[in-house]
Amino acid sequence: MNLLAPIALIGRNTMGILAAIGRIAIFFVQTLSHIVRPPFYFKEFGHALLTIGYFSLPVVGLTTFFTGGALALQIYAGGARFNAESVVPSIVAIGMARELGPVLGGLMVAARVASSIAAEIGTMKVTEQIDALVTLSTHPMKYLTVPRVLAATIAVPFLIAVGDSIGIMGGYIVGVSRLDFNAAVYLHNTIGFLESWDVVSGLIKGAVFGFIVALMGCYYGMNSERGAQGVGHATKSAVVAASILILASNYLLTELFFSA
Amino acid sequence: MITLDNVHKAFGANKVLQGVNLSIPRGESMVIIGGSGTGKSVALKSILGLVTPDSGTITVDGQDVTHVERDAFLARFGMLFQGGALFDSLTVWQNVGFRLLRGSLKRPMDEAREIAIEKLRRVGLKPEVADQFPAELSGGMQKRVGLARAIAAEPEIIFFDEPTTGLDPIMSGVINELIREIVVEMGATAMTITHDMSSVRAIADKVAMLHDGVIQWTGPVGDMDDSGNPYLDQFIHGRAEGPIEAVR
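Residue numbers (the numbering used here), protein chains in the order written: chain R, 9 to 268; chain V, 2 to 249.
Shown next as structure tokens:
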């Protein structure tokens with residue numbers, strides 16, 4: 009056995025990862041350059057807005073509702089150790105607006121939207137529909153990528169805003185019905201301690217996560233290999249990459265927004 | 002006139018085109034034949050810029066295809082893809098009128114729909130299919146829709162990629178006849194790639210045989226049977242024995 013084989017393997021994998029990062033970076037720059045140059049396909053943008061935004065509402069709403077409820081129970085149980093049960097409303101509100109709303113909303117959109125975009129574009133690629141677009145004088149980046157990326161960047165903050173509200177409502181329902189909070193006090197503490205930056209920072213995160221989700225879906229779809237297996241692999245890779253990038257960028261944004 | 006001059010293209014270690022030279026005069030119907038994986042599609046896609054050759058020159062009416070304004074250049078072409086490549090999310094008429102609904106050839110929607118329906122009629126489809134989705138159509142109907150889309154903007158040059166693959170012999174004959182009629186009627190330059198010999202005889206003015214990355218023979222379709230070229234003879238007679246290795 010060649011003693012250098014493990015080193016060569018590490019080298020090959022490292023080069024592979026660096027090459028993938030480079031390709032995604034080029035795709036990112038190309039997307040930005042096409043966003044600011046005509047033609048614009050408004051109908052495709054409207055359709056993407058509906059598919060990515062409106063149709064993701066149930067899954068984001070359900071996720072944040074149950075998370076808000078669970079969060080209230082956890083904070084109540086944890087707070088009881090320090091006689092600090094009264095912080096439940098404010099911590100639920102801040103936690104949902106700053107972290108859980110954007111991150112869980114982003115991850116659910118990644119699961120639902122990145123997979124769907126990658127599968128759709130990947131299938132278009134393997135059935136030569138992307139080539140057909142080119143022969144019909146239509147740039148695939150402009151027709152497929154730009155509307156989806158723009159729509160996701162705009163729609164996800166709205167989804168997060170709705171998700172935050174539903175999550176806080178989940179905490180409120182659990183707080184009032186299970187933890188014996190006074191409804192008026194719970195609402196007063198929720199609103200009183202929540203600052204506008206808590207909400208705005210979450211919405212900015214939502215915009216970044218939306219961009220990431222659509223970009224990964226489009227990138228892996230456009231680079232899908234031949235056949236059903238290729239499309240399946242592209243779909244899986246899009247969801248995995250989008251999820252990891254969401255969590256990594258969430259840390260960086262939190263560091264940027266809230267580090268002392 | 003479309004000219005390929007010493008065109009090379011490799012995918013990794015696989016050298017697909019190894020010096021292809023070919024000329025297609027204006028208004029002529031050229032059919033490129035050859036076995037699967039011999040680079041016919043790559044040659045065709047290189048002309049359209051879907052594949053970038055490693056070396057060599059491709060010109061259309063003297064203009065290097067790598068130095069043209071893409072939209073205006075592509076507006077001269079129509080293409081029928083092997084599997085139709087119809088857009089699943091659009092109705093049949095929106096597929097046919099795709100080019101007429103956006104870009105430099107944009108028309109009002111009513112006019113685009115009217116033209117699309119007229120083109121559907123031209124390929125033997127009733128106006129009722131206009132509002133259906135491609136998935137609701139049979140393979141033969143999808144080919145016809147693809148053909149209607151290829152001719153919708155009255156292109157000067159039409160490419161046909163395996164136009165009869167996956168069709169029964171009768172439907173293949175119908176598609177071949179349609180292609181021949183349309184090409185003659187429009188006076189278009191046509192380039193077809195196929196390994197269906199009935200298509201070759203129905204569509205071609207001239208034939209080129211591609212094997213081992215180069216054009217092994219080219220000439221009028223009438224000379225094909227007496228070419229004396231061993232590659233062409235083996236291919237058109239479907240013999241296992243000959244210079245083309247048949248993998249068993």
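We put the CB at the ideal spot given by N, CA and C, even for glycine.
So, is the C-beta of residue 51 of chain V closer than 8 Å to a C-beta in chain R?
yes
Contact set between residue 16 of chain R and chain V, taken where Cβ atoms lie within less than 8 Å
Simply none; closest approach about 19 Å.
Residue 206 of chain R: contacting residues in chain V (beta-carbon distance under 9 Å)
What residue 206 of chain R touches in chain V: nothing, since even the nearest Cβ is about 40 Å away.
Excluding sequence positions up to five away, which residues of its chain have a Cβ less than 6 Å from the Cβ of residue 68 of chain R?
113, 116, 167, 171
In terms of alpha-carbon separation, which member of V:103, V:201, V:165 lies closest to residue 51 of chain R?
V:103
Is the CB of residue 144 of chain R under 8 Å away from at least one CB in chain V?
Chain V places a beta carbon closer than 8 Å to that of residue 144 of chain R, counting this residue as a contact.
Chain R contacts made by the stretch 41-75 of chain V, where a contact means CB separation under 8 Å
46, 49, 50, 51, 71, 72, 75
Residue 250 of chain R touches chain V at which residues, Cβ-Cβ below 9 Å?
Result: empty, since nearest Cβ-Cβ is about 22 Å, beyond 9 Å.
Among the candidates V:230, V:46, V:183, whose CA atom is the shortest distance from the CA of residue 75 of chain V?
V:46
Within its chain, find whatever has a CB closer than 6 Å to the CB of residue 26 of chain V; leave out the 5 residues flanking it on each side and keep chain order.
2
Would a C-beta distance cut-off of 8 Å place residue 72 of chain R and residue 109 of chain R closer than the cut-off?
yes
Can residue 80 of chain V and residue 135 of chain R be called in contact, C-beta distance under 8 Å?
no
Kindly give me the distance between the Cβ atoms of residue 49 of chain V and residue 23 of chain V, rounded to whole angstroms, as I take these residues to be in contact under 8 Å.
That pair is no contact at about 15 Å.
Using a Cβ-Cβ cutoff of less than 6 Å, which residues in the same chain neighbour residue 195 of chain V once the five nearest sequence positions on both sides are dropped?
163
Compute the Euclidean distance between the alpha carbons of residue 184 of chain R and residue 56 of chain R, then round it to the nearest angstrom.
Counting only the Cα atoms, residue 56 of chain R lies some 39 Å from residue 184 of chain R.
Excluding the 5 residues preceding and the 5 following residue 87 of chain V in the sequence, name in chain order all residues of the same chain whose CB lies nearer than 7 Å to its CB.
96, 135, 143, 146, 147
Proximal residues to residue 98 of chain V (C-beta, below 7 Å), its chain only, five neighbours per side dropped
Cβ within range, chain order: 113, 114, 116, 117, 153.
Tell me whether the stretch 246-258 of chain R and the stretch 9-20 of chain V touch, counting them as touching only if at least three CB pairs, one residue from each stretch, are closer than 8 Å.
no
Give the straight-line distance between the Cα atoms of residue 131 of chain V and residue 101 of chain V, rounded to the nearest whole angstrom.
15 Å
Using a Cβ distance threshold of 8 Å, determine whether the stretch 216-232 of chain V contacts the stretch 55-68 of chain V, with at least three qualifying pairs required.
no
Which residues in chain R sit within 7 Å of residue 99 of chain V, going by Cβ to Cβ distance?
In chain order, 144 make up the part of chain R whose C-beta sits under 7 Å from the C-beta of residue 99 of chain V.
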